[in-house]
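Using our numbering, read the sequence shown as starting at 20 and increasing by one per residue. By construction, the Cβ of each residue, glycine as well, lies at the ideal position given by its N, Cα and C atoms. Owing to the predicted nature of the structure, the values given are computational and were not obtained by experimental measurement.
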Amino acid sequence: MSFLDRITRPLTLIVALGLIAACSQSDDSAAVTVDTTMDSLVTAEWLSEHINDPDLVVLDCTVLVQPSADGGFNIVGGRAHYEEGHIPTAGFADLMGDLSDGESPIQFAVPTPEQFATAMSALGISDDSRVVLYDASGSPWAARVWWMLRWIGFDQAALLDGGLAAWTAHGQSLSTEPVDRPAGTLTVALRPEMIVDKDEVLAAIGDDSVSIIDTLSEAQYRGEMSMYARPGHIAGASNAPMMSLMDETGRYRPLEELDELLVGDRDTRSITYCGGGIAASSNAFVMTRLGYKDVAVYTASLQEWAGDASLPMEVAPDLEPTSE
């Protein structure tokens, strides 16, 4: 099975829910000077060269989507996978644990900003840290954590392009050693506009100044298949499947290709959604890199929207029922 097959199958389920810096040490001092320049997307080569930078925190954000006996799927926390082998120095960011609101009926519901900041601080992040995020499925789970960090006002985070597979493909080893960093101090400077609820999405329908973007597959967008209470997409939404942003190796396509794929007004507001706000975060990450100035993620997505019959949804015109 090709790598693309390995990530496409679980990601199909998921979406239904630079500079090179140099360290120098002076001849008469043990102090290390680090160039803290870091793009929002880094390569395995860059990470291998900077992995021991004292201000760099690496986090594994893996969540696994596994087939179930009844033909469906189970979403499983990635801690056991992390313990079997992770990038050296990486801690584990638990999206199914303290990075979500466990009391919400919505899976991966966003916790309060303070709860999220406390959980990330416990992983060793401080206001002056740099953070590299990765997962074992390309990048969508890591993108969700990246987006929440931006939401609370932290901008020095990057995704590892291609995730864990890119690291091993670069010839780098994995570690089974537990990582326990001293707790950091991460303050909140909230950007509330970056995460929206159903009321704002509903208000955006029919508003030409806001674009609603469905990041699910075309089949799910059209209503040919559905994993939620109702098929189709939020009324008025356009379709930009998350998987179209990735190449055959599981890395993001070059920016010039992404610029052609994501057509829209970069100066107006855009809201992305999917099944549970995971793939939507990946699209939002790319849009931010392309210079979109006002992007938000509807994190509850179709888990919430499709379950409320009062909220409008559409299917492709050729799938609309016809009257006898």
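Listed in chain order, the non-local C-beta contacts of Ala185 below 6 Å within the same chain comprise Ala63, local neighbours out to five positions each way being set aside. DSSP places Thr307 inside the alpha helix (DSSP H), whose first and last residues are 298-308. Taken atom to atom, the span from the alpha-carbon of Ile125 to that of Leu330 is near 17 Å. A straight line joining the alpha-carbon of Met261 with that of Ile232 spans about 11 Å. Counting along the chain, Leu78 sits inside the beta strand (DSSP E) bounded by residues 75-79.
Contact between Leu114 and Ala155 fails: their C-beta atoms lie close to 12 Å from each other, not under 8 Å. Assigned with DSSP and collapsed to three states, Thr62 falls in coil, not helix or strand.
Note on geometry: alpha-carbon atoms of Val220 and Val314 lie some 13 Å from one another. When Thr195, Val150, Ala335, Gly310 are compared, the shortest CA-CA separation from Glu243 is found for Ala335.
Between Val77 and Ala128, the CB-CB gap reaches or exceeds 7 Å. Along the region 67-117, the beta strand (DSSP E) occurs as fully enclosed runs of 3 or more residues at 75-79, 82-86, 92-96, listed in sequence order. Annotated three-state conformation of Thr268 is coil, per DSSP.
Residue environment: Glu133 is assigned as exposed (fewer than 16 neighbouring CB atoms within 10 Å of its CB, all protein chains considered).
In the DSSP annotation of this structure, the continuous segment of the alpha helix (DSSP H) that includes Ser140 starts and ends at 132-141. Assigned with DSSP and collapsed to three states, Asp313 falls in strand. The Cβ-Cβ distance between Leu205 and Met139 falls below 7 Å. No residue range can be given for Thr56, since it is assigned to no alpha helix (DSSP H) and is classified by DSSP as neither H nor E. Here the region 294-302 lies against the region 157-169, with 3 or more beta-carbon pairs under 8 Å apart.
For Glu339, the secondary structure class from DSSP, reduced to helix, strand or coil, is coil. Secondary structure note for Leu277: its alpha helix (DSSP H) is the uninterrupted segment 274-280. In the three-state reduction of the DSSP assignment, Thr187 falls in the helix class.
Sixteen is the threshold: when 16 or more other Cβ atoms of the shown chains lie within 10 Å of the Cβ of Gly181, as they do, the residue is buried. Its Cα nearest to that of Arg288, the residue Ser228 stands out among Ser228, Asn258, Gly294, Phe92. Per DSSP, reduced to three states, the secondary structure at Ala222 is helical.
The straight-line gap separating the alpha-carbon atoms of Gln239 and Leu274 is approximately 26 Å. Between the region 165-180 and the region 135-149, the count of Cβ pairs shorter than 8 Å is three or higher; the stretches touch. In the three-state scheme derived from DSSP, where H, G and I count as helix and E and B as strand, Ser192 is classed as coil. For the set Leu264, Asp286, His252, Ala256, the Cα lying nearest the Cα of Ala328 is the one of His252. Shown here, Glu237 sits in a helix according to DSSP, grouped into three states. Non-local C-beta neighbours of Ser145 in its own chain, meaning closer than 7 Å and more than five positions away in sequence, comprise Gly203, Thr204, Leu205, ordered along the chain.
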